[in-house]
Structures are given as C-alpha cells and as structure tokens.
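Numbering (this note's numbering), first residue to last: 17 to 83.
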C-alpha cells in the first residue's frame, strides 16, 4: 500500500518488496545477483506482469556469529 496525492492508501504491486529490496539489513542484493543472476530484478518487470517465478528472490544478508 502507498499513499496517493490525497493521502489515501491504495494498493500498488510490489511496493513492499521494493521497499525491502532497498534496505541493506533486509536484503543482500550483491549475493542475490551472483547466485541468481539469470533471473530478473523487480525493476525489469512491468507493474502488471505476472512473471513472479522469474524474479530474483529476496535474500537475508549474512550476520556474523549466526549459523
């Protein structure tokens, strides 16, 4: 959900996923591209495209001390 010009919440495809992908504590972009480079980024997919199975997965970053 995002806010429109009037401040009303409206649904927007991939809004939450885009936010998570932009946070380095929630997603390891570099590792994802190395490991799953053959897949598409969220920015390469059209808003109404249904190719969810070809999107790069979300990957949590490595945290030292955790196994």
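Glycine residues also receive a C-beta, built at the ideal position from the N, C-alpha and C atoms.
Between the alpha carbons of residue 71 and residue 56 lies a gap of roughly 5 Å.
Exposed is the label assigned to residue 78, since fewer than 16 other Cβ atoms lie within 10 Å of its Cβ. In this structure, the beta-carbon distance from residue 25 to residue 19 falls below 7 Å.
Beta-bridge annotation (DSSP): residue 26 is paired with 18. According to the DSSP assignment, residue 32 belongs to the alpha helix (DSSP H) that extends over 31-37.
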